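Asks: Can you read through this structure? Questions will come right after.
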Amino acid sequence: MDSIQRKKYWRENLKYLALLLIIWFLVSYGFGILLVDELNTIRLGGFKLGFWFAQQGSIYVFVILIFVYVKLMNKLDKKYGVNE
Amino acid sequence: MGIQTWTFIIVGLTFALYIGIAIWSRASSTKEFYVADGGVSPLANGLATAADWMSAASFLGMAGIIAFSGYDGSVYLMGWTGGYVLLALLLAPYLRKFGKFTVPDFIGDRYYSNVARTVAVVAALFVSFTYVAGQMRGVGVVFSRFLDVEVNTGVYIGMAVVLFYAFLGGMKGITYTQVAQYCVLIFAFMVPAIFISIMATGNPVPQLGMGSAGSDGVYLLDKLDGLMTDLGFTAYTDGTKSTTDIFFITAALMLGTAGLPHVIIRFFTVPKVKDARKSAGYALLFIAILYTTAPAIAVFARTNLMETVQDTPYKEIPDWFTKWEDTGLIAWTDKNGDGKIQYLPGSAIEGKKPMFSEARGAVGQRLISNSSATRNELYVDRDITVLANPEIAGLPNWIIALVAAGGLAAALSTAAGLLLVISTSISHDLIKKQFAPNISDKKELLIARVSSLFAVVVAGYFGINPPGFVASVVALAFGLAASSFFPAIVMGIFSKRMNREGAITGMIAGLAITSYYIARFKLGWIGNPETSTEADWWLGISPEGFGTVGMLMNFTISLVVSRFTAPPPAEVQQIVENIRIPSGAGDAVNH
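Chains as they are written, first to last, in my numbering: chain A, 25 to 108; chain B, 106 to 696.
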């Protein structure tokens with residue numbers, strides 16, 4: 025792999041990280057903490073939405089984020105021939 | 106059969122299982138001892154990481170903390186799971202590619218400096234010792250509650266079991282025992298939770314039951330909010346901590362989780378980089394099962410408690426109440442003399458624990474000598490939330506015994522993971538890397554085993570004589586990991602320009618300011634107590650959340666210092682290039 029390919033691979037990797045970490049921040053610090061009072065006016069069944077994000081929703085999203093990351097990276101590795 | 110007999114049988118069986126696994130998975134080289142030969146499957150590593158991660162505190166304590174703090178308890182739920190996203194995306198794959206045995210290995214090599222390595226070793230040892238002392242104590246407490254032995258005897262039994270498999274098998278033995286321990290602990294946690302959820306709402310999934318309605322058709326959370334506000338408590342779903350503090354504590358717990366050495370090293374045990382990513386996903390999935398159930402248990406338990414006790418005459422109280430009163434985890438002091446229980450805001454007692462006298466009161470309650478001036482009459486130890494669950498649900502005795510085995514599995518698995526970090530730090534990072542670089546693999550393995558013996562003895566000593574700082578483990582372990590390891594490792598991977606000078610000054614600054622803040626505001630060791638109260642917290646940030654500030658300080662200072670000092674040598678920049686590309690991790694390279 026030459027250095028241009030390496031740079032491109034790394035840049036795509038960083039793009040994925042940025043995207044996933046924005047979602048990570050949004051569901052926990054955003055919905056679960058900073059905006060919790062606003063979201064609590066909305067209901068999700070027996071839950072206030074902000075409270076649900078803080079004690080349930082953010083955790084589900086975290087799990088999904090890691091598996092999405094695994095998928096994206098496996099594809100990226102294959103594209104650049106650095107998979108094993 | 107009685108609870109006691111069942112507990113002996115189930116705890117005995119699980120211990121026999123752990124020891125059997127230890128004999129089967131003996132280690133014969135340092136690579137097996139330190140990283141299980143790099144041959145653990147992602148799924149097994151995910152299970153082991155989950156057991157390693159979930160301690161006695163997660164298993165026995167967390168649901169209780171949430172039950173009694175409502176929304177504020179969210180900091181633990183988000184903090185102790187969100188860190189795995191950082192770990193999976195920013196650290197684990199790259200450290201696996203780097204392919205050495207320990208966190209100080211990475212810091213020492215990446216920053217081409219033995220000073221950096223030493224700072225990392227000292228931080229790793231301090232964090233791990235603080236954490237492990239609480240675990241050994243936890244083992245003793247579970248033993249004493251369920252098997253009627255002295256707390257100290259329980260600690261000795263726990264030491265013997267952990268020593269057996271840590272000494273023989275190192276990481277290999279620990280990994281496969283942790284897999285078994287995860288299965289025991291999650292089963293023990295979920296069975297009572299499912300039954301309680303069915304009882305409360307008819308829904309067998311606790312995560313959904315929490316948001317369902319009870320038999321009266323009112324949503325459980327609304328009912329609980331109502332019960333609490335009527336009596337003058339803050340609503341369950343509101344909480345009392347400031348938004349700033351919630352933000353900082355959550356961040357410190359997340360960053361600390363991602364920086365804890367005993368968690369990071371688990372990702373050195375899988376064969377490939379992509380396995381490291383995947384096993385982080387599995388780990389969080391397995392952790393999430395318990396972490397999303399705990400808040401549901403918290404809601405059921407708190408509602409049940411409020412409904413059962415409020416204005417109930419002591420004579421008509423259910424059996425579980427008086428049983429836990431006998432063990433001292435519940436106390437009732439009839440302040441207004443009406444023979445009924447009033448559960449109101451404020452502490453019912455002066456100090457932390459009720460002080461019982463031998464005498465019984467007018468209706469047969471145990472009398473205490475340290476009642477407070479508030480109108481609240483009820484003291485409830487938070488640990489009861491998980492411990493009393495099976496009895497409240499009227500489950501059979503073998504399930505109660507299972508909860509004991511689950512608590513022990515949680516405490517032992519975490520203790521073992523920490524002890525491995527401690528023994529590895531001593532044999533590998535200190536002796537092999539600093540004093541005797543030429544020793545043979547056999548000799549290093551022997552030293553590693555002796556160090557694990559030493560680590561168990563020290564941990565056991567702390568378990569029996571807990572030093573004051575152990576109670577502050579959350580602030581200390583997570584705060585220090587967040588302010589030292591996390592920034593140093595992330596910059597080591599993502600910044601080629603980061604150099605020795607920047608990393609060392611950053612870590613020292615982060616550690617120093619965080620230790621200072623905790624020593625002053627949490628432990629009261631330094632500074633004038635008059636000016637170290639909650640009102641004096643900087644920007645309203647509690648000591649538990651200050652690791653976030655330490656982390657920001659570390660990043661800032663590292664970046665500034667590195668810009669004014671020489672860039673790292675070409676071969677180090679080559680290392681960074683190399684760890685960013687996943688292929689070729691193969692075997693963990695041995696020196």
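From the three backbone atoms N, C-alpha and C, an ideal C-beta is built for every residue, glycine too. Values in this document were obtained by computation on a predicted structure and should not be read as measured data.
1. Please confirm if residue 108 of chain A has its CB atom under 8 Å from at least one CB of chain B.
2. Quick check: is any heavy atom of the ligand SAH less than 7 Å from the C-beta of residue 413 of chain B?
3. Would the beta-carbon of residue 153 of chain B fall within 8 Å of that of residue 247 of chain B?
4. Check the Cβ-Cβ distances between residue 91 of chain A and every residue of chain B, and say whether any is below 8 Å.
5. Within the continuous alpha helix (DSSP H) that includes residue 434 of chain B, where are the two ends?
6. Is the CB of residue 693 of chain B under 8 Å away from at least one CB in chain A?
7. Taking only the alpha-carbon atoms, compute the straight-line gap between residue 415 of chain B and residue 112 of chain B and give it to the nearest angstrom.
8. Taking just the CA atoms, how far does residue 214 of chain B sit from residue 696 of chain B?
9. Pull up the distance between the alpha-carbon of residue 42 of chain A and that of residue 156 of chain B, whole angstroms please.
10. Could you name the residues of chain A that residue 310 of chain B contacts, counting a contact when the two beta carbons are closer than 8 Å?
11. Can you give me, in chain order, the residues of the segment 66 to 82 of chain A that have a beta carbon less than 8 Å from any beta carbon in chain B?
12. Does DSSP put residue 93 of chain A in a helix, a strand or coil?
13. Here's the rule: buried if 16 or more other CB atoms are within 10 angstroms of the residue's CB, otherwise exposed. What is residue 276 of chain B?
14. Straight-line CA distance for residue 618 of chain B to residue 642 of chain B?
15. To which residues does DSSP link residue 476 of chain B through a beta bridge?
16. Quick check: the Cα distance between residue 308 of chain B and residue 326 of chain B, rounded to an integer number of angstroms?
17. Using a Cβ-Cβ distance under 8 Å, would residue 156 of chain B count as near chain A?
18. Determine the direct distance from the alpha carbon of residue 538 of chain B to that of residue 167 of chain B, and round the result to whole angstroms.
19. Which same chain residues, not among the five before or five after residue 601 of chain B, have their C-beta less than 7 Å away from its C-beta?
20. Does the beta-carbon distance from residue 273 of chain B to residue 128 of chain B come in below 8 Å?
21. Give the range of the alpha helix (DSSP H) segment to which residue 625 of chain B is assigned.
22. Could you name the residues of the segment 253 to 277 of chain B whose beta carbon sits closer than 7 Å to any beta carbon of chain A, in the order they occur along the chain?
23. What residues from chain B crowd round residue 57 of chain A, counting only those whose CB sits closer than 7 Å?
24. Going along the chain, which unbroken runs of the alpha helix (DSSP H) with 4 or more residues stay wholly within the segment 352 to 377 of chain B?
25. Go ahead and label residue 665 of chain B buried or exposed: buried means 16 or more other beta carbons lie within 10 angstroms of its beta carbon, across all protein chains shown.
26. Suppose contacts are defined by Cβ-Cβ distances below 8 Å. Is residue 471 of chain B in contact with residue 465 of chain B by that definition?
27. Going by DSSP, name the residue or residues bridged to residue 318 of chain B.
28. Rounded to a whole number of angstroms, what is the C-alpha to C-alpha distance between residue 425 of chain B and residue 469 of chain B?
29. What number of angstroms, rounded off, separates the C-alpha of residue 433 of chain B from the C-alpha of residue 164 of chain B?
30. Note down, in chain order, every chain A residue with its Cβ under 7 Å from the Cβ of residue 296 of chain B.
31. Which of the residues in the segment 313 to 332 of chain B, read from start to end, lie with their CB under 8 Å from any CB of chain A?
32. Using DSSP with H/G/I as helix, E/B as strand and the rest coil, what is residue 117 of chain A?
33. Quick one, which residues of the segment 27 to 51 of chain A are near chain B if we go by CB-CB under 8 Å, in chain order?
34. Mind listing which residues of the segment 189 to 217 of chain B have their C-beta closer than 7 Å to chain A's C-betas, in chain order?
35. To the nearest angstrom, how far is the alpha carbon of residue 27 of chain A from that of residue 104 of chain A?
36. To be precise: take each residue of the segment 374 to 387 of chain B, compare its Cβ to all Cβ atoms of chain C, and keep it if any distance is under 8 Å. Which residues remain?
Replies: By the coordinates alone:
1. Counting from 1 along the first sequence, the entry for residue 108 of chain A is found at position 84. For residue 108 of chain A, the answer is yes, since a Cβ of chain B falls inside 8 Å of its Cβ.
2. Ligands displayed in this structure: none; no statement on the ligand SAH is therefore possible.
3. As a first step, residue 153 of chain B is located in the second sequence; it is residue number 48 there, counting from the start. As a first step, residue 247 of chain B is located in the second sequence; it is residue number 142 there, counting from the start. Not closer than 8 Å, so no.
4. If you number the first sequence from 1, residue 91 of chain A lands on position 67. Yes, because at least one Cβ of chain B sits closer than 8 Å to the Cβ of residue 91 of chain A.
5. Counting from one through the second sequence, the residue named residue 434 of chain B turns up at place 329. Note, residue 434 of chain B: premise wrong, no alpha helix (DSSP H); not H, not E.
6. Numbered from its first residue, the second sequence carries residue 693 of chain B at position 588. Because residue 693 of chain B carries a pLDDT of 49, less than 50, the predicted location of this residue cannot be relied on, and no value is offered for it.
7. The residue labelled residue 415 of chain B in the question sits at position 310 within the second sequence. The residue labelled residue 112 of chain B in the question sits at position 7 within the second sequence. Their backbone Cα atoms lie some 33 Å apart in a straight line.
8. Taking the second sequence and counting its residues from 1, the one referred to as residue 696 of chain B is at position 591. Taking the second sequence and counting its residues from 1, the one referred to as residue 214 of chain B is at position 109. Low confidence applies to residue 696 of chain B: its pLDDT is 42, below 50, so where it sits in the model is not reliable enough to give any reading.
9. Counting from 1 along the first sequence, the entry for residue 42 of chain A is found at position 18. Counting from 1 along the second sequence, the entry for residue 156 of chain B is found at position 51. Approximately 30 Å between the Cα atoms of the pair.
10. Locating residue 310 of chain B in the second sequence gives position 205, counting from the first residue. Within chain A, no residue comes near residue 310 of chain B; the closest Cβ sits about 12 Å away, beyond 8 Å.
11. 68, 69, 70, 71, 72, 75, 76, 78, 79, 80, 82
12. If you number the first sequence from 1, residue 93 of chain A lands on position 69. Helix at residue 93 of chain A.
13. The residue you call residue 276 of chain B lines up with position 171 of the second sequence. Answer is buried; the Cβ neighbour count reaches 16.
14. Here residue 618 of chain B refers to the residue found at position 513 of the second sequence. Here residue 642 of chain B refers to the residue found at position 537 of the second sequence. If I take the Cα positions, the gap works out to 13 Å.
15. Taking the second sequence and counting its residues from 1, the one referred to as residue 476 of chain B is at position 371. DSSP lists B:454 as partners of residue 476 of chain B.
16. Numbered from 1 along the second sequence, position 203 holds the residue referred to as residue 308 of chain B. Numbered from 1 along the second sequence, position 221 holds the residue referred to as residue 326 of chain B. Our two residues, residue 308 of chain B and residue 326 of chain B, have alpha carbons roughly 15 Å apart in a direct line.
17. Within the second sequence, residue 156 of chain B is the residue found at index 51, counting from 1. By this cut-off, residue 156 of chain B is not an interface position.
18. Translated into the one-based positions of the second sequence, residue 167 of chain B becomes position 62. Translated into the one-based positions of the second sequence, residue 538 of chain B becomes position 433. Distance between the alpha carbons of residue 167 of chain B and residue 538 of chain B is about 39 Å.
19. Position 496 of the second sequence, counting from 1, holds the residue named residue 601 of chain B. Around residue 601 of chain B: 678, 681.
20. Reading the second sequence from its first residue, position 168 is the one you call residue 273 of chain B. Reading the second sequence from its first residue, position 23 is the one you call residue 128 of chain B. Contact flag set, yes.
21. Within the second sequence, numbered from 1, the residue matching residue 625 of chain B stands at position 520. It spans 605 to 626 - the alpha helix (DSSP H) in which residue 625 of chain B sits, taken as one unbroken run.
22. none
23. As a working note, residue 57 of chain A is residue 33 in the first sequence. Chain B residues near residue 57 of chain A: 348, 351, 352, 355.
24. Note on the segment 352 to 377 of chain B: whole alpha helix (DSSP H) runs with a minimum of 4 residues are 366 to 369, in chain order.
25. Residue mapping note: residue 665 of chain B aligns to position 560 of the second sequence, counting from 1. Classification for residue 665 of chain B: exposed.
26. One-based indexing of the second sequence puts residue 471 of chain B at position 366. One-based indexing of the second sequence puts residue 465 of chain B at position 360. Closer than 8 Å, so yes.
27. Reading the second sequence from its first residue, position 213 is the one you call residue 318 of chain B. Bridge partners of residue 318 of chain B: B:324.
28. What you label residue 425 of chain B is simply residue 320 of the second sequence in a count that begins at 1. What you label residue 469 of chain B is simply residue 364 of the second sequence in a count that begins at 1. Looking at the two C-alpha atoms, the distance is approximately 15 Å.
29. Locating residue 433 of chain B in the second sequence gives position 328, counting from the first residue. Locating residue 164 of chain B in the second sequence gives position 59, counting from the first residue. Distance between the alpha carbons of residue 433 of chain B and residue 164 of chain B: 20 Å.
30. Walking along the second sequence from the start, residue 296 of chain B turns up at place 191. Simply none; closest approach about 21 Å.
31. Under the 8 Å Cβ criterion, the segment 313 to 332 of chain B contributes 315, 316, 317, 318, 324, 325, 326, 327.
32. As displayed, chain A neither begins before 25 nor continues past 108, which places residue 117 of chain A out of reach and without an answer.
33. 30, 33, 34, 37, 41, 44, 45, 48
34. 189, 190, 193, 194
35. The count along the first sequence starts at 1 and reaches residue 27 of chain A at position 3. The count along the first sequence starts at 1 and reaches residue 104 of chain A at position 80. The straight-line gap separating the alpha-carbon atoms of residue 27 of chain A and residue 104 of chain A is approximately 12 Å.
36. Within the model displayed, chain C is absent; protein chains A and B are what it includes.
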